[in-house]
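Read in this note's numbering, the sequence shown has 114 at position 114, and its numbers run on one by one without any break.
For each residue, glycine too, the CB sits at the ideal point set by N, CA and C.
Here's the structure we're looking at; comments come further down.
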Amino acid sequence: MVSGLNVLLGITGGIAAYKTTFLVRLLIKAGANVKVILTESASSFVSPLTLATLSKNPVLSSFINEDNESVDWNNHVELGLWADIMLIAPATANTLSKMANGSCDNLLLAAYLSAKCPVFFAPAMDLDMYQHPSSRASFEKLQSFGNLMIPATSGELASGLHGEGRMAEPEDILHFIKQHLGKNLPLSGKRVMITAGPTFEAIDPVRFIGNHSTGLMGYELAKQSARLGASVILISGPSALKLEHDSIDLVNVVSADEMYEAAHRSYFISDIVICAAAVADYRPEKVAEQKIKKTDDDLVIKLVKNKDILLSLGQQKKDQFLVGFALETENELKNAKGKLKKKNLDAIVLNSLNDSGAGFGKPTNKITFIDKNSNIKAFKLKSKAAVAADIISEIISRINA
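Printed below as a string of structure tokens:
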């Protein structure tokens, strides 16, 4: 949910500032772009060099940058406009009071007052400071402005006291932000199951029958679904692609039978199902236990039909919105419509190998989206990431209709 977002992290002068190195690392790992503003006192608790290295951006601390050759300034307005999210952690009593009362005596506060994005703050202070009426008043006033408070937790404090005032742990801060961002996303609360990639059907311990699918289309569909708030189950055949996302559960399979079993295990807990995998239609009737030796000029392998995953899901469909893919080389529209009806789909995505740039092993695709009411929408050639966005958008428009 934070992947691709610009996060402006403000760090103020409290002992909890040491945790921000872990926080920056988590944000970067989640795919965010991070810029850090450090108050003057915060640099006593955490190294600007460490934060710059982790964030891959210079750490800012003052309005003016001076070196031996030039003088330039850090534009607080541009920083405020750049940010999709502003996070102040740790937020000390001093900084929170200034924020609540509109004081502006450093770059962090100027950027805060310029921010147009959601602002999160994670208080960190000693027990008595956290409970003081002035601190409570700051919390309430800032939240009345629309800022979002990440509550402090209880535990051992730097003073040796035990109680409320510890800054939330970096993992919990990130989780809090994700939960908030997910509330208003169109697929929030939805579970999406996607099949992707090829299947490999063994001939012997060395050889297999497969196809040229890389899984890219299905992986992009998974990422787009997760970005829009869904909990995703991605069932993938063998693929070189890597994917790490808190909202995506990756299930690796090899054969069509394994994909069939995995798909049916997750089908009835899913709201939306997209079968984008290039499943082998046939498999060898018998798999040799040992490597087949090259002895004769000819080798005959008897193939038997695999179970049709999409057909089976369509036959058992209840409330799921079921989408299939049709890769065609002739009579494309007719064949896709026939598949949509035969397999009891809600929609089908047609692509043709006759279209340049479409099909397996390419970073682009050209699709036509057809729903069960015979509404047809053709799209231009696009990157598979953009195609995934189009497909998910078409699905959302229909489930919300």
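In this structure, the straight-line span from the alpha carbon of L187 to that of L38 is close to 36 angstroms. Its chain contains I150 as the residues whose beta carbon lies nearer than 6 angstroms to that of F176, once the 5 sequence neighbours on both sides are disregarded; these appear in chain order. Taking a contact as a CB-CB distance under 8 angstroms, the pair T199 and A280 counts as one, their CB atoms being some 5 angstroms apart. Bounds of the beta strand (DSSP E) holding T195 are R191 to A196. The beta carbon of G218 is closer than 8 angstroms to those of I194, T195, A196, G197, L234, S236, I274, A276 and A277 in its chain, skipping five residues each way along the sequence. Residue burial is scored here from C-beta neighbours: T12 has at least 16 other C-beta atoms within 10 angstroms and is therefore classed as buried. Distances from the alpha-carbon of G10 to those of G4, L96 and M1 put L96 closest.
Assigned with DSSP and collapsed to three states, G338 falls in helix. With a contact defined as Cβ atoms closer than 8 angstroms, V2 and K116 miss out at about 18 angstroms. Three or more Cβ pairs closer than 8 angstroms define a contact, and the stretch 86-106 meets that threshold against the stretch 133-144. Within the same chain, Cβ atoms closer than 6 angstroms to the Cβ of P170 are found at K19, F22, L23 and L26, the five residues on either side in sequence being excluded. According to DSSP, V34 shares a beta bridge with V7.
Residue pairing by DSSP puts C275 in a beta bridge opposite T195 and G324. Per DSSP, the unbroken beta strand (DSSP E) holding Y282 starts and ends at Y282 to P284.
Runs of the alpha helix (DSSP H) lying entirely within the stretch 82-139, each at least 4 residues long, are 93-101, 107-114 and 127-131 in chain order.
Annotation note: the stretch 141-179 contains no uninterrupted alpha helix (DSSP H) run of length 4 or greater. Looking only at L142, M99, G163 and A32, the smallest Cα-Cα distance to L174 is reached by A32. Annotation: the stretch 231-311 contains the following complete segments of the alpha helix (DSSP H) (minimum length 4 residues), in chain order: 256-267. In this structure, S247 and S231 form a Cβ contact; the two beta carbons are roughly 6 angstroms apart against a cut-off of 8 angstroms. Cβ contact annotation for L51 (same chain, cutoff 8 angstroms, sequence separation greater than five): I11, T20, T21, V24, V36, L38 and V59, in chain order. Scanning its chain for C-beta atoms nearer than 6 angstroms, with the 5 sequence neighbours on each side dropped, one finds around A347 the residues V323 and D371, in chain order. A158 counts as exposed, since fewer than 16 other beta carbons sit within 10 angstroms of its beta carbon. For K318, the three-state secondary structure derived from DSSP is coil. Contact check for A256 against N306 passes: the beta carbons are separated by less than 8 angstroms.
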